[in-house]
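Reviewing the structure listed below.
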Amino acid sequence: MMEKIIFGRYLPSDSVVHQMDPRAKLLFIFAFVGIVFLANNVMTYALIGAFTFLIVFLSKVKLRFLIGGLKPVLLLVLFTFFLHVFFTKEGDILTQFGLLTIYKGGVIKGIFISLRFLLLILVTSLLTLTTPPISVTDGIESLFGPLKKIKVPVHELALMMSISLRFIPTLLDETDKIMKAQRARGADFSSGSISNRVKAIIPLLIPLFVSAFKRAEELAVAMEARGYKGGEGRTKYRILRWSMRDTMAMVFLVVLSAALFILRSY
Amino acid sequence: MNTIAISIKGVSYQYPEQESIALNNVSLDVYKGEWLAIVGHNGSGKSTLAKMLNGLHYPSEGTVMIGGYALNEENVWAIREKLGMVFQNPDNQFVGTTVQDDVAFGLENNGVEHGVMEERVYASLEKVGMTAFLNQEPHHLSGGQKQRVAIAGVIALRPDIILLDEATSMLDPLGREEVMDTVRELNEKEGLTVISITHDLEEAAKADRVIVLNEGRLYTEGTPQNIFQLDRELLNLGLGVPFAVQMSQLLTDAGLHLSQRHFNEEELVSELWTLNFER
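Chains as they are written, first to last, in UniProt numbering: chain B, 1 to 266; chain G, 1 to 279.
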């Protein structure tokens with residue numbers, strides 16, 4: 001089950017998309033979220049859909065893998081689709097069973113909105129699939145850098161993000177260990193009523209919290225001992241490089257939005 | 001050999017809101033290039049001393065001089081560049097998401113330029129034999145490997161002194177050996193001054209000089225040879241004498257003529273099985 005969820009996972013590869021600057025990818029996604037809403041007819045949806053599949057193709061992520069991983073989200077898409085089909089009352093009546101009347105406008109709207117939803121999910125999951133989490137953090141830190149001028153602690157937030165990412169596997173291991181230890185003492189996590197199961201989690205969470213705080217304290221001491229004194233005067237080991245490829249992607253995006261604008265009114 | 005790297009004079013320290021005194025009028029010198037082991041059981045004050053050497057505590061009384069700087073809040077960052085510290089828990093000192101990021105962390109903090117940083121990260125990982133793991137994430141490394149990365153992170157800053165605060169106590173025997181071998185090499189080849197704080201006398205046996213702390217006071221000082229002669233006394237302080245030392249003592253008592261008291265089992269075994277060859 002867990003292996004199939006792709007949200008937040010990174011798939012190493014050497015594709016063009018992988019090699020892009022994380023800042024370009026982030027900007028791209030911010031823009032894409034807006035651009036998707038420009039699509040309003042068959043032509044524009046076809047264009048933006050084709051564009052999305054081009055990116056998927058370029059990223060060398062297997063389409064089957066992508067769809068398989070998005071299954072839980074697809075249910076949600078399907079749900080949105082039917083919501084629109086049943087509740088939009090526009091255009092000609094298609095069919096009628098009992099109380100339910102299905103309108104043509106509803107079906108069209110349902111298709112468009114679930115398509116929009118799907119495209120957004122595809123593109124955002126491509127971001128995490130093609131960018132290591134640490135690069136996403138670096139990209140965010142760099143993009144939001146100007147906010148430092150208005151006293152937003154951008155560096156601190158980025159460091160917090162990267163430390164959290166680094167400790168996820170450590171804490172998962174620890175949870176596993178505590179779970180085994182509590183099982184050895186007779187704890188039961190997998191049977192009984194829901195309220196019993198929730199109660200069974202408490203002896204798991206408390207030791208986990210205690211140890212996480214202890215870790216945090218030790219980490220803080222270790223960081224201080226290694227000369228950490230805040231973002232001031234700090235250099236960066238990871239350097240983001242904006243290349244031609246990234247500029248091209250931005251240009252491409254502008255062309256796409258222009259095309260969408262023109263096709264919109266057809 | 002006898003240039004003083006650290007000089008501690010009449011240092012006392014008491015934790016806030018605690019009655020007992022953690023360090024009581026301790027004076028000692030650490031010489032450049034030596035390997036000094038500071039041993040003592042829990043609560044002997046050795047960890048307090050370690051933290052003090054890195055400016056995580058300041059002495060209530062007395063003075064600490066490290067590499068020509070007096071320990072105070074002004075000099076503390078300069079001192080942290082001279083003295084690097086490796087802590088006990090391998091996980092809780094690993095800051096970066098990958099090996100190279102972690103080694104670079106200290107360099108980033110000190111504002112080292114990018115080009116220099118890349119060179120130093122690689123060079124330090126080479127010294128601890130971890131270059132093959134450049135892009136590994138910490139949870140794929142063993143405890144010993146993580147501690148070697150921590151050492152690389154310390155030496156990347158080119159300190160004069162490396163302080164190991166129980167750095168091997170959470171490792172398995174293999175990891176312990178790995179880390180000690182790395183430290184020995186740095187001590188011999190790079191002339192790095194090593195202070196290892198430990199309750200493991202086998203680790204202390206590798207040092208040039210051993211200092212025993214007890215209840216916040218300096219109990220005794222000497223070469224590992226001298227210290228292990230104390231035998232019973234050490235046991236009373238809550239420190240176990242290594243098995244090889246006990247065994248060679250018992251064998252000598254039983255009338256066997258050994259060339260020396262052995263610190264490690266391998267040496268003892270090889271002397272035992274070659275003992276009668278010359279006859």
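Each residue gets a CB set at the ideal place from its N, CA and C atoms; glycine is no exception.
As the structure is a prediction and not an experimental result, all values here were calculated from the model.
Discussion item. Here's a check: name, in chain order, each residue in its chain whose Cβ is nearer than 6 Å to the Cβ of His-18/B, leaving out the five neighbours to either side.
Written reply: Counting only Cβ-Cβ distances below 6 Å, and skipping sequence neighbours, we find Thr-130.
Worksheet item: Can you tell me whether Glu-203/G is buried or exposed, with buried defined as 16 or more other CB within 10 angstroms of its CB?
Response: Residue burial is scored here from C-beta neighbours: Glu-203/G has at least 16 other C-beta atoms within 10 angstroms and is therefore classed as buried.
Item to complete: Pull up the distance between the alpha-carbon of Arg-234/B and that of Glu-156/B, whole angstroms please.
Response: As the crow flies, the alpha-carbon of Arg-234/B is around 12 Å from that of Glu-156/B.
Practice prompt. Report back the beta-carbon spacing between Gly-62/G and Gly-10/G to the nearest angstrom; my notes put them in contact at under 8 Å.
Written response: Taking 8 Å as the upper bound for CB-CB distance, Gly-62/G and Gly-10/G are in contact here, some 4 Å apart.
Fill in: Contacting residues, own chain, Cβ-Cβ under 8 Å from Met-130/G (five flanking each side not counted)
Excluding the 5 residues flanking it on each side, Met-130/G has same chain C-beta neighbours closer than 8 Å at Val-99, Gln-145, Arg-148, Val-149 and Ala-152, in chain order.
Worksheet entry | Contact set for Val-77/B: own chain, Cβ-Cβ below 7 Å, skip 5 residues either direction | Within the same chain, and ignoring the five residues on either side of Val-77/B in sequence, the residues whose Cβ sits closer than 7 Å to its Cβ are Ser-114, Phe-117 and Leu-118.
Worksheet item: Within 8 Å (strictly less), CB to CB, does Gln-147/G reach chain B?
Response: Taking Cβ atoms only, chain B never reaches closer than 8 Å to Gln-147/G, which makes this a no.
Practice prompt. Output, in sequence order along the chain, the residues in the region 69 to 82 of chain G whose CB is closer than 9 Å to any CB in chain B.
Written response: Residues Trp-77, Arg-80 and Glu-81.
Discussion item. Residues of chain B with CB closer than 7 Å to the CB of His-57/G, please, in chain order.
Written reply: At a C-beta separation below 7 Å, His-57/G has no neighbours in chain B, since its nearest C-beta there lies roughly 11 Å away.
Practice prompt. Give, in chain order, every residue of the region 161 to 178 of chain B whose Cβ lies closer than 8 Å to some Cβ of chain G.
Written response: Answer in chain order: Ser-162, Ile-163, Leu-165, Arg-166, Pro-169, Thr-170 and Asp-173.
Item to complete: Could you pull out every residue in the same chain whose Cβ sits closer than 7 Å to the Cβ of Thr-88/B, ignoring the five residues on either side in sequence?
Response: Answer for Thr-88/B: Tyr-103, Gly-105, Gly-106 and Lys-109, listed in chain order.
Discussion item. Considering only DSSP beta bridges, list what Leu-163/G is partnered with.
Written reply: In the DSSP output, where bridge partners are listed per residue, Leu-163/G has Met-85/G and Ile-195/G.
Practice prompt. Measure from the C-beta of Asn-276/G to each C-beta in chain B and report whether the shortest distance is under 8 Å.
Written response: Among the CB atoms of chain B, none fall inside 8 Å of the CB of Asn-276/G.
Discussion item. When you compare the CB positions of Glu-174/B and Asn-92/G, do they come within less than 8 Å of one another, or not?
Written reply: No; because the gap between Cβ atoms is not below 8 Å, this pair is not in contact.
Item to complete: Return the first residue and the last residue of the beta strand (DSSP E) that Pro-3/G is part of.
Response: The question names Pro, but residue 3/G is Thr in the sequence shown. Judged by DSSP secondary structure, Thr-3/G falls outside any beta strand (DSSP E); it is assigned neither H nor E.
Worksheet item: Per DSSP, what kind of secondary structure is Ser-135/B in: helix, strand or coil?
Response: Of the three classes helix, strand and coil, the one that applies to Ser-135/B here is helix, per DSSP.
Fill in: Leu-122/B versus Ala-158/B, Gly-69/B, Glu-90/B and Gln-96/B, residue with shortest Cα-Cα distance
It is Gly-69/B.
Discussion item. Does chain G have any CB closer than 8 Å to the CB of Met-2/B?
Written reply: Note on Met-2/B: pLDDT 47, under 50, position unreliable in the model; no value is reported.
Worksheet item: Taking Cβ to Cβ, would you say Met-170/G is nearer than 8 Å to Gln-88/G?
Response: Contact: yes.
Practice prompt. Would you check if the distance between the CB atom of Leu-58/B and the CB atom of Val-16/B is smaller than 8 Å?
Written response: The answer is yes: Cβ separation under 8 Å.
Worksheet item: Under a three-way DSSP split, which group does Pro-16/G fall into?
Response: The three-state secondary structure of Pro-16/G, taken from DSSP, is coil.
Worksheet item: the region 81 to 100 of chain G: which residues have C-beta closer than 8 Å to a C-beta of chain B, in chain order?
Response: Under the 8 Å Cβ criterion, the region 81 to 100 of chain G contributes Glu-81, Gly-84, Met-85, Phe-87, Asn-89, Asp-91, Asn-92, Gln-93, Phe-94, Val-95, Gly-96, Thr-97, Thr-98 and Gln-100.
Item to complete: Determine the direct distance from the alpha carbon of Thr-97/G to that of Glu-137/G, and round the result to whole angstroms.
Response: Straight through space, the alpha carbons of Thr-97/G and Glu-137/G are spaced by roughly 6 Å.
Discussion item. Considering only their Cβ atoms, is the gap separating Ser-257/B from Ile-35/B smaller than 8 Å?
Written reply: Contact: yes.
Discussion item. Less than 8 Å between the C-beta atoms of Gly-84/G and Ile-162/G, yes or no?
Written reply: Going by C-beta atoms, Gly-84/G is nearer than 8 Å to Ile-162/G.
Discussion item. With three or more C-beta pairs closer than 8 Å as the rule, is the region 230 to 246 of chain G touching the region 37 to 46 of chain G?
Written reply: Note that the region 37 to 46 of chain G touches the region 230 to 246 of chain G; at least 3 beta-carbon pairs, one per stretch, sit closer than 8 Å.
Practice prompt. Give a yes or no on whether the minimum CB-CB distance between Ala-167/G and chain B is below 8 Å.
Written response: No - not a single Cβ of chain B is within 8 Å of the one on Ala-167/G.
Worksheet item: Which partner residues of Ile-211/G appear in the DSSP bridge assignment?
Response: Looking at the DSSP assignment, Ile-211/G forms a beta bridge with Ile-38/G and Glu-221/G.
Worksheet entry | Residues that Asn-25/G contacts on chain B, provided the C-beta gap is smaller than 8 Å | Under the 8 Å cutoff, chain B gives no residues; its nearest Cβ is about 26 Å from Asn-25/G.
Practice prompt. For chain B, find out if any of its Cβ atoms is closer than 8 Å to the Cβ of Asn-110/G; answer yes or no.
Written response: Yes, because at least one Cβ of chain B sits closer than 8 Å to the Cβ of Asn-110/G.
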